[in-house]
Amino acid sequence: MTGGEPLLSVQGISVAFGAVQALAGVSLDIARGEIVAIIGPNGAGKTTLLNVISGFYHPYEGRILFQGRDRTRLRPFEVASLGIARTFQNVALFKGMSVLDNIMTGRLLKMRGSFLLDAAWWGPARRQELEHRAFVERIIDFLEIQAIRKTPAGRLPYGLQKRVELARALAAEPTLLLLDEPMAGMNVEEKEDMCRFILDVHGDFGTTIALIEHDMSVVMDVSDRVAVLDYGRKIADGTPDAVRADPAVMDAYLGVAHV
Amino acid sequence: MSHTAVPRPSASVEASPLDAALDTFPKLVLDNAQRMPGRPAIREKDYGIWQTYTWRDYADRAHAIALGLASLGFARGDKIAIVGDNRPQLYWAMLASQALGGVPVPLYQDSIEREMQYVVEHAEARFAVVEDQEQVDKLLSVRAQCPKLEHVIYDDPRGLGRYRDAGLLSLADLEARGRAFGAAHPDYVEAEVARGAAGDLAIILYTSGTTGQPKGTMLSHRNLLATAKAAIAQEGLTANEEVLAYLPMAWAGDHMFSYAQSIVAGFTTNCPESAATVLHDLREIGPTYFFAPPRIWEAILTSVTIRIEDASAPKRAMVRFFLAVARRVEERRLARRPVPPVDRLLYALGQVLVYGPLRDNLGMRRIRIAYTAGEAISPELLGFYRSLGVNVKQVYGMTESSALVSIQRDGDVKLDTVGTPLPGVEVRISDAGEVLYRSPGVFVGYYKNPAATGETLDGGWVHSGDAGVLDRDGHLKIIDRARDVGRLADGTLFAPKYLENKLKFSPFIKEAVCVGAGRPYVAALVNLDLGSVGGWAERRNLAYTSYTDLSQKREVQDLIGAEVARVNASLRDDEALRGAEIRRFLLLHKELDPDDQEITRTRKVRRGFIAEKYAPLIEALYSDAEYVKVEVQVTYEDGRTGTVRAEVRICAPDAAVAGASRR
Numbered sequence: 148m149t150g151g152e153p154l155l156s157v158q159g160i161s162v163a164f165g166a167v168q169a170l171a172g173v174s175l176d177i178a179r180g181e182i183v184a185i186i187g188p189n190g191a192g193k194t195t196l197l198n199v200i201s202g203f204y205h206p207y208e209g210r211i212l213f214q215g216r217d218r219t220r221l222r223p224f225e226v227a228s229l230g231i232a233r234t235f236q237n238v239a240l241f242k243g244m245s246v247l248d249n250i251m252t253g254r255l256l257k258m259r260g261s262f263l264l265d266a267a268w269w270g271p272a273r274r275q276e277l278e279h280r281a282f283v284e285r286i287i288d289f290l291e292i293q294a295i296r297k298t299p300a301g302r303l304p305y306g307l308q309k310r311v312e313l314a315r316a317l318a319a320e321p322t323l324l325l326l327d328e329p330m331a332g333m334n335v336e337e338k339e340d341m342c343r344f345i346l347d348v349h350g351d352f353g354t355t356i357a358l359i360e361h362d363m364s365v366v367m368d369v370s371d372r373v374a375v376l377d378y379g380r381k382i383a384d385g386t387p388d389a390v391r392a393d394p395a396v397m398d399a400y401l402g403v404a405h406v
Numbered sequence: 113m114s115h116t117a118v119p120r121p122s123a124s125v126e127a128s129p130l131d132a133a134l135d136t137f138p139k140l141v142l143d144n145a146q147r148m149p150g151r152p153a154i155r156e157k158d159y160g161i162w163q164t165y166t167w168r169d170y171a172d173r174a175h176a177i178a179l180g181l182a183s184l185g186f187a188r189g190d191k192i193a194i195v196g197d198n199r200p201q202l203y204w205a206m207l208a209s210q211a212l213g214g215v216p217v218p219l220y221q222d223s224i225e226r227e228m229q230y231v232v233e234h235a236e237a238r239f240a241v242v243e244d245q246e247q248v249d250k251l252l253s254v255r256a257q258c259p260k261l262e263h264v265i266y267d268d269p270r271g272l273g274r275y276r277d278a279g280l281l282s283l284a285d286l287e288a289r290g291r292a293f294g295a296a297h298p299d300y301v302e303a304e305v306a307r308g309a310a311g312d313l314a315i316i317l318y319t320s321g322t323t324g325q326p327k328g329t330m331l332s333h334r335n336l337l338a339t340a341k342a343a344i345a346q347e348g349l350t351a352n353e354e355v356l357a358y359l360p361m362a363w364a365g366d367h368m369f370s371y372a373q374s375i376v377a378g379f380t381t382n383c384p385e386s387a388a389t390v391l392h393d394l395r396e397i398g399p400t401y402f403f404a405p406p407r408i409w410e411a412i413l414t415s416v417t418i419r420i421e422d423a424s425a426p427k428r429a430m431v432r433f434f435l436a437v438a439r440r441v442e443e444r445r446l447a448r449r450p451v452p453p454v455d456r457l458l459y460a461l462g463q464v465l466v467y468g469p470l471r472d473n474l475g476m477r478r479i480r481i482a483y484t485a486g487e488a489i490s491p492e493l494l495g496f497y498r499s500l501g502v503n504v505k506q507v508y509g510m511t512e513s514s515a516l517v518s519i520q521r522d523g524d525v526k527l528d529t530v531g532t533p534l535p536g537v538e539v540r541i542s543d544a545g546e547v548l549y550r551s552p553g554v555f556v557g558y559y560k561n562p563a564a565t566g567e568t569l570d571g572g573w574v575h576s577g578d579a580g581v582l583d584r585d586g587h588l589k590i591i592d593r594a595r596d597v598g599r600l601a602d603g604t605l606f607a608p609k610y611l612e613n614k615l616k617f618s619p620f621i622k623e624a625v626c627v628g629a630g631r632p633y634v635a636a637l638v639n640l641d642l643g644s645v646g647g648w649a650e651r652r653n654l655a656y657t658s659y660t661d662l663s664q665k666r667e668v669q670d671l672i673g674a675e676v677a678r679v680n681a682s683l684r685d686d687e688a689l690r691g692a693e694i695r696r697f698l699l700l701h702k703e704l705d706p707d708d709q710e711i712t713r714t715r716k717v718r719r720g721f722i723a724e725k726y727a728p729l730i731e732a733l734y735s736d737a738e739y740v741k742v743e744v745q746v747t748y749e750d751g752r753t754g755t756v757r758a759e760v761r762i763c764a765p766d767a768a769v770a771g772a773s774r775r
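Heads up: the protein sequence lines correspond to chains A and B, in order. The end of the first sequence is residue 406 by my numbering, with every number in the run present. The end of the second sequence is residue 775 by my numbering, with every number in the run present.
Printed below as a string of structure tokens:
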């Protein structure tokens, strides 16, 4: 872990849906340049935590600091413009649009639009689109999806849709990338590919990554640090090896006799 | 660096002086850079855009790499492994090593670690230039077994930022080192190029080998240049050709077409964006000169057939009608008989309605010359493309002959022969029926394997290992691998590959293996084409979960049964092979895979291995059993192994025959 101020600091947040306490006083720091995995059994509150960070939900208590500034109550598009991009557990692409266009939507926040100029495809509008297209082409090359550039996203197999989602998130040039179960429903080979892409994104762009994952071997391989949630509480936080040996984690995963 | 080429309006472009001084590839490239600096030499689709490099760029980039290699102590005679998809940088690295008197050794990019280790170790490569992280990982993991390998140089730095292994450096770093070296040693590369001679080794190509360990075929500059020039002269190739370099760089064909001929004739080589985009890139480039092994021609035909099946009924009827017209016309043309006026009119109409649009759609509109090589192709398949107006011709050759022995000449094509020998090539048939040839392109020998060299090379004549005949007009006809041709128990001639190619003409059959030597009848193991059979099943609302499941559906077995019956019917016209009908077949429960060593990396069936691995299945084909249980080891792409269990049904071409033969 690097010293100094964390990139993202979640401080004692609690979220409830009616009587269900989804998160209870969870704190988590993510340092610049880290890969942090958030794990836990079903219903532990992992996705809720991600949704809070990306502004879909707002906590009723606690604070979120990003790059040292309080931004607890920002809305999703404001969070996005701060440099936080995410992918979703259930793929959320524009199914009828081509892969290329889907990824281009990731650049929207970077585009300075003028309706008339865009419509006329003239001057700065044209130059801007070409620049963004060139950037998107680098991502397409990076994620090795050249062959499906023009394919409608809805026609792709699931594993590739996940990759396109990652591409769209990368197109926003995020400082912090949130991945919600990037490997759910993939076969071994697709998982290995995705692992490699995650490590490459981290290695080549220096992106800080927080990911939720169920597959323990993946988690242990890619992450620098693992945070474990159970029933809305954080029960462990440390290096993969330390977490693996933690008795509380073993209880949560393997189960103990609750009398 | 990359800029759009400006064709110079000069006559020198066309005139390629076959100067004795230009006796190596580096010298020829320098000459090209002098004579036609602005013409495109090689293109690569990168970031979605075709980047063009001229002959000037080609020479400059190779020069930069050569300086970098020299700075690392690259000596004359050093071997350099080249691994990756077809990339300009890798072709330049080949040229760079040749400029320094070294020998490039291209490897198949999908080789697994153990195969890669064998070649790198056997070739004693001190250097390796590879495309990306995937190849770097493989080389680093076998490095302990390859003590001679000192430097691994990569082009694409993605994912490699964290690597700290000794001797690993990027191409950019290599060129930076080279600049410093070049400043201290001016004209170093030029002097090394001048020392090169025609007799120097130009390349070692490891043949994938359907038996045993691969052998390193050594070819000299003289071998490759003589062969390239002979073919260029016969085929009338010019500096205006466009080729697509998409077949493995380790394959002799790619080396001949994308490297040797491109440099000698000065035409443009185009590198596709990735292996998955080849058919798309083909359409964008519209090559004038194109080569593909039969499996690619088959794959294209299959995709066409699927699309025709999916089209609306009137369109389907129209396409079928005009394809039938084209077949009739082509048959008459090949037989050199006049085409009736009605057909001539219909063909012209078909040209507008079907053939032209189809050729355009496939990226074959500009093709002047296309080749099929590497394996026998069925006459039906060849006829299909020729009838559409695509000038596909058969080529025969092998690594040992610098890729080429014979080519069908324009206007003198017979569908079932591989044409006449190239100028300078002598062909004769041994008493045992084996094809022998002698030419300036004949290889120097197998690297560090004089025993194998002695077996193959006999007084300048190469034993091809193929059984063949020369017909009245001097056309060479290849029947099969010499050792594969056999006889049934009753003495009937049995040529497995001939039957397999007929089977593979069906869009539903991807691969087939026929057995029958010494047996009472011929039987076949069939591999479905998952794409087309899957589509067929979908159209019939036939649910299936996997390849294995699909292969054991009765409906699918009946479908293939009809295809087998069709092959049997076509055999009845052939005197020699009439008795070799396929009486039993089964649908394999898994696809044949190079990772399981069932087919080679160039997708040639490894008969001996299959006979051993599937012995219980083959026995069942000659028993009364209706089902047979199998359990087979499979190797996944990451090298792990697993077991597939299945129950496979023994089928007969049609139900009536099945009942009779089961007795």
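Backbone N, C-alpha and C fix where the C-beta goes; we use that ideal spot for every residue, glycine too. These figures come from a predicted structure and were not determined experimentally.
CB contact below 7 Å: residue i versus chain B
{"i": "residue 148(A)", "result": "Bear in mind that the predicted position of residue 148(A) carries a pLDDT of just 43, short of 50, making it too unreliable to give a figure here."}
{"i": "residue 293(A)", "result": "yes"}
{"i": "residue 320(A)", "result": "no"}
{"i": "residue 384(A)", "result": "no"}
{"i": "residue 288(A)", "result": "yes"}
{"i": "residue 225(A)", "result": "no"}
{"i": "residue 230(A)", "result": "no"}
{"i": "residue 284(A)", "result": "yes"}
{"i": "residue 387(A)", "result": "no"}
Reference residue i; option with closest CA among the options
{"i": "residue 542(B)", "options": "531(B), 570(B), 560(B)", "result": "570(B)"}
{"i": "residue 517(B)", "options": "553(B), 494(B), 492(B)", "result": "553(B)"}
{"i": "residue 410(B)", "options": "743(B), 207(B), 478(B), 504(B)", "result": "504(B)"}
{"i": "residue 546(B)", "options": "562(B), 576(B), 564(B)", "result": "576(B)"}
{"i": "residue 559(B)", "options": "524(B), 161(B), 215(B)", "result": "215(B)"}
{"i": "residue 511(B)", "options": "538(B), 520(B), 556(B)", "result": "556(B)"}
{"i": "residue 385(A)", "options": "360(A), 154(A), 172(A), 176(A)", "result": "176(A)"}
{"i": "residue 550(B)", "options": "536(B), 562(B), 544(B), 372(B)", "result": "536(B)"}
Exposure of residue i, with buried meaning 16 or more beta-carbon neighbours within 10 Å
{"i": "residue 254(A)", "result": "buried"}
{"i": "residue 116(B)", "result": "In this prediction, residue 116(B) has a pLDDT of 42, which is less than 50 and means its spatial position is unreliable; nothing more can be read from the coordinates."}
{"i": "residue 610(B)", "result": "buried"}
{"i": "residue 684(B)", "result": "exposed"}
{"i": "residue 325(B)", "result": "exposed"}
{"i": "residue 461(B)", "result": "exposed"}
{"i": "residue 679(B)", "result": "buried"}
{"i": "residue 260(B)", "result": "exposed"}
Residue-level contact to chain A via CB, residue i, 7 Å cutoff
{"i": "residue 274(B)", "result": "yes"}
{"i": "residue 180(B)", "result": "no"}
{"i": "residue 271(B)", "result": "yes"}
beta-carbon residue i near the ligand HEM non-hydrogen atom, thresh 6 Å
{"i": "residue 219(A)", "result": "Summarising the ligand content, the structure contains no ligands, and the ligand HEM is consequently not present."}
- prompt: Which whole runs of the alpha helix (DSSP H) in the segment 638 to 667 of chain B are 4 residues long or more, in chain order?
  reply: 642 to 651, 659 to 663
- prompt: Which ranges would you report for the beta strand (DSSP E) in the segment 335 to 370 of chain B if only whole runs of at least 3 residues count?
  reply: Qualifying beta strand (DSSP E) stretches, in chain order: 354 to 356.
field: In chain order, each alpha helix (DSSP H) run of at least 4 residues that lies wholly inside the segment 376 to 416 of chain B
entry: The qualifying runs are 390 to 397.
field: Interface positions of the segment 248 to 276 of chain A facing chain B (Cβ-Cβ less than 8 Å), listed along the chain
entry: Of all residues in the segment 248 to 276 of chain A, none has a Cβ within less than 8 Å of some Cβ in chain B.
Residues within the segment 295 to 319 of chain A neighbouring chain B, beta-carbon criterion of under 9 Å: 295, 296, 297
message: Under 8 Å, CB to CB, which of the residues in the segment 333 to 364 of chain B have a partner in chain A?
response: none
message: Along the segment 386 to 404 of chain B, where does the CB come closer than 8 Å to a CB of chain A? Name the residues.
response: 386, 388, 389, 392
- request: Ignoring anything shorter than 3 residues or poking outside the segment 707 to 755 of chain B, list the beta strand (DSSP E) runs there in chain order.
  value: 739 to 747
- prompt: Mind listing which residues of the segment 138 to 170 of chain B have their C-beta closer than 9 Å to chain A's C-betas, in chain order?
  reply: 157, 158, 159, 160, 161
Cβ-based contacts, 9 Å cut-off: residues of the segment 346 to 366 of chain A near chain B: 346, 347, 350, 351
Complete alpha helix (DSSP H) runs within the segment 253 to 307 of chain A (minimum length 4 residues, chain order): 262 to 267, 271 to 289
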